[in-house]
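**Q** In our numbering, the protein residues as written are 1 to 324. Backbone N, C-alpha and C fix where the C-beta goes; we use that ideal spot for every residue, glycine too.
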């Protein structure tokens with residue numbers, strides 16, 4: 001049986017969210033939809049809202065009398081989204097995870113292939129119009145026989161594992177929650193096994209979100225455990241990695257190179273030493289870019305609205321205390 005409920009879309013609104021609202025109104029029976037265009041409308045509507053989409057401030061949460069579900073507007077909302085009052089509240093939070101798996105998986109593979117075939121060396125040579133090549137048995141990583149360590153085996157990590165295994169890499173992984181090992185992963189370990197696995201990896205790939213447990217956890221100690229021939233890749237969240245320590249590791253030759261899509265400070269300042277560092281590939285936090293993302297976001301909202309109306313489990317439920 002479909003249950004009536006009030007769903008509030010919190011401000012600010014865009015043409016896209018208004019389109020989503022129109023589609024939801026046409027496809028979710030029993031839902032009273034309020035598109036709050038301003039703070040005053042949101043403050044009034046939140047009192048009797050059963051569910052909301054957007055960023056919920058502590059002030060709005062304090063006014064809510066019936067709220068049971070919050071749909072976050074990102075896959076991994078920024079620090080501060082999960083404040084203490086929200087964590088303590090009995091409402092359920094869902095997010096947009098899983099919509100980037102294919103795009104970010106391909107970005108990871110692009111970084112790995114670039115390092116494996118020496119593009120981090122040849123692209124700068126091209127810009128200088130230099131024709132130079134090493135002996136044929138140097139400057140290449142043979143992916144069959146190589147080992148990739150994925151730190152965080154969610155949807156993105158699992159897709160990266162599938163792609164890497166297709167090129168012959170042996171894939172190791174650590175994850176704080178997951179215990180079921182996908183077929184493309186040779187070994188799955190708990191998160192506390194990371195230090196023991198780092199010396200085995202030719203590629204260390206971070207896909208973890210920014211949480212209280214992961215903030216700054218990849219630091220100089222971790223880089224010193226890696227092989228000097230290994231490459232570091234971070235496409236998760238910038239706050240997980242100490243960039244000063246990464247620069248120091250590169251300068252000391254403790255690792256062979258690094259590829260980043262995310263950074264402690266974004267945009268990365270133009271004077272930052274990573275811009276001029278050799279053996280480094282940088283992209284401007286766009287690994288998730290690709291087609292169909294807004295339709296995937298809408299599908300999660302629509303699926304969850306229908307599930308909420310029918311008392312069924314929601315997609316992408318978040319552990320609020322852990323932020324993901």
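Is residue 287 helix, strand or coil by DSSP?
**A** Residue state, collapsed to three classes: coil.
**Q** Take residue 75 and list the residues in its own chain whose beta-carbon comes closer than 7 Å to its own, dropping the five residues that flank it on each side.
**A** Answer for residue 75: 95, 96, 97, 99, 100, listed in chain order.
**Q** Within the continuous alpha helix (DSSP H) that includes residue 20, where are the two ends?
**A** Segment 15-27, the alpha helix (DSSP H) holding residue 20.
**Q** Can you list, in chain order, the stretches of the beta strand (DSSP E) that have 3 or more residues and sit fully within the segment 142-209?
**A** With a minimum length of 3 residues, the continuous beta strand (DSSP E) runs that stay inside the segment 142-209 are 147-151, 170-175, 187-190, 203-206.
**Q** Below 8 Å, can you find three or more Cβ-Cβ pairs linking the segment 124-138 to the segment 304-319?
**A** Contact fails: fewer than three Cβ-Cβ distances are below 8 Å.
**Q** In whole angstroms, give me the CA-to-CA distance for residue 63 and residue 52.
**A** Computed Cα separation, rounded: 13 Å.
**Q** Tell me the rounded alpha-carbon separation between residue 71 and residue 103.
**A** Spanning the two alpha carbons is a distance of roughly 23 Å.
**Q** Residue 236: which of 199, 256, 261, 283 sits nearest, CA to CA?
**A** Nearest option by C-alpha distance: 261.
**Q** In whole angstroms, what separates the C-alpha of residue 117 from that of residue 200?
**A** So the alpha carbons of these two residues sit roughly 20 Å apart.
**Q** Name, in chain order, the residues that DSSP records as bridge partners for residue 368.
**A** Residue coverage of the chain in this structure runs from 1 to 324, which leaves residue 368 outside it and unanswerable.
**Q** Roughly how many whole angstroms lie between the Cα atoms of residue 247 and residue 219?
**A** Approximately 10 Å between the Cα atoms of the pair.
**Q** Should residue 304 be labelled buried (16 or more other beta-carbon atoms within 10 Å of its own) or exposed?
**A** Classification for residue 304: buried.
**Q** List the endpoints of the continuous alpha helix (DSSP H) containing residue 229.
**A** Neither: residue 229 is in no alpha helix (DSSP H) and is coded neither H nor E.
**Q** When the Cα atoms are used, what is the spatial distance from residue 224 to residue 256?
**A** If I take the Cα positions, the gap works out to 12 Å.
**Q** Between which two residues does the beta strand (DSSP E) carrying residue 93 extend?
**A** Per DSSP, residue 93 belongs to the beta strand (DSSP E) from 92-94.
**Q** Would you mind working out which of 23, 6, 8, 5 sits nearest residue 295, comparing C-alpha positions?
**A** For residue 295, the nearest C-alpha among the options comes from 23.
**Q** By the DSSP assignment, the alpha helix (DSSP H) with residue 249 in it spans what residues?
**A** That run of the alpha helix (DSSP H) goes 243-251.
**Q** Check whether the Cβ atoms of residue 143 and residue 167 sit closer than 8 Å, and answer yes or no.
**A** The answer is yes: Cβ separation under 8 Å.
**Q** Can you tell me which of the three DSSP states residue 317 falls into?
**A** The answer is strand: DSSP assigns residue 317 an E or B state.
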